[in-house]
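Numbering (my numbering), first residue to last: 19 to 166.
Idealized CB from N, CA, C, for every residue including glycine.
Below is one structure, written out as structure tokens; the observations come after it.
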């Protein structure tokens, strides 16, 4: 059984690659948002035309990105949402809430410093992790029942 995993959240570190590399050999397929920050920000105006107002520039990009994000979340068996250290990821919180509303198996990843701020998000998750390796161990357990 192939498990579809959607990797959402922070785009400034290599956590996605760590999970994908760690899951090599497992029957898992991965999807994610566009992680090229400039492409993600500018996709709306690049495809639909320029906007002189930054609000409408961002609005177009958010909507075009939402097409990909919704598809990925809806098709996923498991959604992993990473909250990084550097920025407040409002989009990650939205993705976690959307995944929870869809009844998806939600795994949240963040450091202990975000524990209080994310307590409601954590409460909706089936697992709260701190490292990519813990996510890989969850995938290994779900697929084969094996412990680390």
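Residue 27, buried or exposed, once every other Cβ within 10 Å from all chains shown has been counted against 16 | buried
Measuring alpha carbon to alpha carbon, tell me which of 105, 37, 63 ends up nearest residue 151.
-> 37
Should residue 87 go down as buried or exposed, given a rule of 16 or more other Cβ atoms within 10 Å for buried?
-> buried
Tell me, which residues are paired with residue 47 by DSSP?
-> 22
Can you tell me the Cα-Cα spacing of residue 58 and residue 161, whole angstroms?
-> 33 Å
Same chain only: Cβ atoms within 8 Å of residue 97, ignoring 5 sequence neighbours per side = 23, 24, 26, 91, 113, 114, 117, 122, 123, 124, 125
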